[in-house]
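Structure follows, in structure tokens:
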């Protein structure tokens, strides 16, 4: 193959006096080698984006298997990325040239495989297609750019690819529907007499706590917001789900997780075998912080003082519900319960002890998935569902599911 000849020639020239050779971008051999390196790096990136795992039931639990056909032999270089990203799952990636296997402890490379060795689909695939169709943004559609980032040669192994032609055809109508349904900033909101988190004696009953949250004036966030959004769910729930803050839809409705991120959370809970109706859902910050952009209200992250002002409300909810398990969606929620040193990317899927006595697990916030490039979303979706499945398993082992 040409690469062997070029690499040997480069090495020979370096050894025989052309020490500055690799800095000569106009040299034919150097230019070819640089282009080849770029092609390999590009294939590594595509593999990270387009590997699609399917669940296979084994006697000792689930194994996730993916089939991928790389142009270059990059699996050995990319496999450690998947071992870090999906450390809590057992998985195999099969390619024609070689395979990689992770058992939760060690990464092992093996011989190549055939397409028939990998499953064609699984139960989560239909949910993934529903999710993909719902997060497809027609307002940002650029077909040429999409095909450049997601080349057609990968489509045969992507479950969402069959949807793409139809989504492109419907983009114009969907975009107009989005414009017609755009939310507007409320002109006026009724205000209850001010109360703060420090005015509430613990424990309180659920209705009194919700009323107190709605009348909080502890930080300036109450002024532009429509209303505070208290948590909701059974007061004896074994699992509490804590998000960052209400979004636009939640601010208008006065209920947590009813917007796009909430709908995605519902799908993830269902895929993991959890019933939303059995969970207590709340947020670390109770008012919607936003920046106006015309008729739109864009999410803005609450600062440290605003988060601290809301912390007593979260503590009151923990005291009232006394969950055995808490799922923290995103860094703001995780740090409210576990401290500033926690980071979702490093700590997701791991149970942590907390001051409340509940076992706490950080994981991705659904809104994070909605912001990801399309090519990276399935990996984060799979990780989110796998983390929520650990919560289901913990409840079953605890005997109080």
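Numbering (the working numbering), first residue to last: 1306 to 1706. Backbone N, C-alpha and C define an ideal beta-carbon position, used for all residues, glycine too. Remember, predicted model here, so these are calculated numbers, not experimental data.
Three-state secondary structure (DSSP) at residue 1711? Since the first residue of the chain shown is 1306 and the last is 1706, residue 1711 is not available in this structure.
Please classify residue 1603: is it buried, with 16 or more other beta-carbons within 10 angstroms of its beta-carbon, or exposed? Numbered from its first residue, the chain shown carries residue 1603 at position 298. Exposed, by the Cβ-count rule.
CB residue 1401 to CB residue 1417, shorter than 8 Å? To locate residue 1401, count along the chain shown from 1; it is residue 96. To locate residue 1417, count along the chain shown from 1; it is residue 112. Contact: yes.
Do residue 1693 and residue 1661 have their C-beta atoms within less than 8 Å of each other? Locating residue 1693 in the chain shown gives position 388, where the first residue counts as 1. Locating residue 1661 in the chain shown gives position 356, where the first residue counts as 1. Cβ distance not < 8 Å, so residue 1693 and residue 1661 don't count as in contact.
Which of helix, strand or coil DSSP assigns to residue 1667: For the purposes of this step, residue 1667 is taken as residue 362 along the chain shown, with counting starting at 1. If DSSP states are grouped into helix, strand and coil, residue 1667 belongs with the strands.
For residue 1360, is the beta carbon positioned less than 7 Å from some heavy atom of the ligand COA? Annotation note on the ligand COA: not contained in the displayed structure, which lists no ligands.
Is the beta carbon of residue 1649 sitting closer than 8 Å to the one on residue 1639? By one-based count along the chain shown, residue 1649 stands at place 344. By one-based count along the chain shown, residue 1639 stands at place 334. Yes, the pair counts as a contact, with Cβ atoms nearer than the cut-off.
6 Å CB neighbourhood of residue 1326 in its chain, flanking five on each side removed: As a first step, residue 1326 is located in the chain shown; it is residue number 21 there, counting from the start. Answer for residue 1326: 1318 and 1319, listed in chain order.
Exposure label - residue 1445; buried when at least 16 CB within 10 Å: Residue mapping note: residue 1445 aligns to position 140 of the chain shown, counting from 1. Exposed, since its Cβ has fewer than 16 Cβ neighbours within 10 Å.
Shortest alpha-carbon distance to residue 1708 belongs to which of 1329, 1574 and 1337? Only positions 1306 to 1706 of the chain appear in the structure, and residue 1708 is not among them; the question remains open.
With a cut-off of 8 Å, do at least 3 Cβ pairs link the segment 1391-1411 to the segment 1432-1439? no
Closest by C-alpha distance to residue 1468, when choosing among 1454, 1450 and 1441: Position 163 of the chain shown, counted from the start, is the residue given in the question as residue 1468. Checked all of 1454, 1450 and 1441; the closest Cα to residue 1468 is 1441.
Pull up the distance between the alpha-carbon of residue 1611 and that of residue 1634, whole angstroms please. Locating residue 1611 in the chain shown gives position 306, counting from the first residue. Locating residue 1634 in the chain shown gives position 329, counting from the first residue. About 18 Å.
Residue 1532, DSSP secondary structure in three states: By 1-based counting over the chain shown, the position of residue 1532 is 227. Here residue 1532 sits in coil by DSSP.
How would you call residue 1543, buried or exposed, if buried means at least 16 neighbouring beta carbons within 10 angstroms? Here the question's residue 1543 lines up with position 238 in the chain shown. Result: buried.
If residue 1371 and residue 1357 are in contact, beta carbons under 8 Å, what's the gap, nearest whole angstrom? Counted from its first residue, the chain shown places residue 1371 at position 66. Counted from its first residue, the chain shown places residue 1357 at position 52. The beta carbons of residue 1371 and residue 1357 sit about 6 Å from each other, so the pair counts as a contact at 8 Å.
Does the distance from the C-beta atom of residue 1690 to that of residue 1665 stay below 8 Å? For the purposes of this step, residue 1690 is taken as residue 385 along the chain shown, with counting starting at 1. For the purposes of this step, residue 1665 is taken as residue 360 along the chain shown, with counting starting at 1. At least 8 Å separates the beta-carbon of residue 1690 from that of residue 1665.
Contact check, residue 1563 vs residue 1554 under 8 Å by CB: the rounded distance? The residue given as residue 1563 occupies position 258 in the chain shown. The residue given as residue 1554 occupies position 249 in the chain shown. Contact flag correct, Cβ pair sits at about 5 Å.
Residue 1276 burial status per 10 Å Cβ neighbour count (16 or more: buried): This structure cannot speak to residue 1276, because the chain is shown only from 1306 to 1706.
Distance check for residue 1461 and residue 1350, CA to CA, integer angstroms please. Numbered from 1 along the chain shown, position 45 holds the residue referred to as residue 1350. Numbered from 1 along the chain shown, position 156 holds the residue referred to as residue 1461. So the alpha carbons of these two residues sit roughly 18 Å apart.
If you measure between the beta carbons of residue 1335 and residue 1352, is that distance less than 8 Å? As a working mapping, residue 1335 is identified with position 30 in the chain shown. As a working mapping, residue 1352 is identified with position 47 in the chain shown. Contact: no.
Ignoring anything shorter than 3 residues or poking outside the segment 1538-1611, list the beta strand (DSSP E) runs there in chain order. DSSP runs (the beta strand (DSSP E)) wholly in the segment 1538-1611: 1544-1548, 1585-1588, 1595-1598 and 1601-1604.
I need the straight-line Cα distance from residue 1674 to residue 1316, nearest angstrom please. In the chain shown, residue 1674 corresponds to position 369, counting from 1. In the chain shown, residue 1316 corresponds to position 11, counting from 1. Straight-line Cα distance between these residues: approximately 45 Å.
According to DSSP, is residue 1416 helix, strand or coil? Stepping through the chain shown from its first residue, residue 1416 is reached at position 111. Looking at residue 1416 - three-state DSSP - the assignment turns out to be strand.
I need the straight-line Cα distance from residue 1463 to residue 1407, nearest angstrom please. Stepping through the chain shown from its first residue, residue 1463 is reached at position 158. Stepping through the chain shown from its first residue, residue 1407 is reached at position 102. Their backbone Cα atoms lie some 22 Å apart in a straight line.
If I measure Cβ to Cβ from residue 1560 and keep anything under 8 Å in the same chain, skipping five residues before and after, which residues do I get? As a first step, residue 1560 is located in the chain shown; it is residue number 255 there, counting from the start. 1534 and 1537, listed in sequence order.
Sequence-distant residues of the same chain with beta carbon closer than 8 Å to residue 1686, five excluded per side: Residue 1686 sits at position 381 when you count from the first residue of the chain shown. So the qualifying residues of the chain are 1433, 1436, 1573 and 1674.
With 16 other CB atoms within 10 Å as the buried threshold, where does residue 1465 fall? As a working note, residue 1465 is residue 160 in the chain shown. Its Cβ being crowded by 16 or more others within 10 Å, residue 1465 is buried.
What is the rounded straight-line gap between the Cα of residue 1313 and the Cα of residue 1307? As a working mapping, residue 1313 is identified with position 8 in the chain shown. As a working mapping, residue 1307 is identified with position 2 in the chain shown. Approximately 10 Å between the Cα atoms of the pair.
Does the beta-carbon of residue 1339 have 16 or more other beta-carbons within 10 angstroms, so that it is buried, or is it exposed? Numbered from 1 along the chain shown, position 34 holds the residue referred to as residue 1339. Per the 10 Å Cβ criterion, exposed.
Whole-angstrom Cβ separation of residue 1590 and residue 1550, contact assumed at under 8 Å? Position 285 of the chain shown holds residue 1590. Position 245 of the chain shown holds residue 1550. Between residue 1550 and residue 1590 the Cβ distance is about 4 Å, and since that is below 8 Å, they are a contact.
Quick check on residue 1656: does DSSP put it in helix, strand or coil? Counting from one through the chain shown, the residue named residue 1656 turns up at place 351. Coil at residue 1656, not helix or strand.
Whole angstroms are fine: how far does the CA of residue 1703 sit from the CA of residue 1392? Counted from its first residue, the chain shown places residue 1392 at position 87. Counted from its first residue, the chain shown places residue 1703 at position 398. Roughly 23 Å between the two C-alpha positions.
Candidates 1511, 1556, 1514 and 1548: which alpha carbon is nearest residue 1526's? Within the chain shown, numbered from 1, the residue matching residue 1526 stands at position 221. Residue 1526 has its Cα closest to that of 1556, out of 1511, 1556, 1514 and 1548.
Decide if residue 1346 is buried, meaning its Cβ has at least 16 other Cβ atoms within 10 Å, or exposed. Translated into the one-based positions of the chain shown, residue 1346 becomes position 41. Label assigned to residue 1346: exposed.
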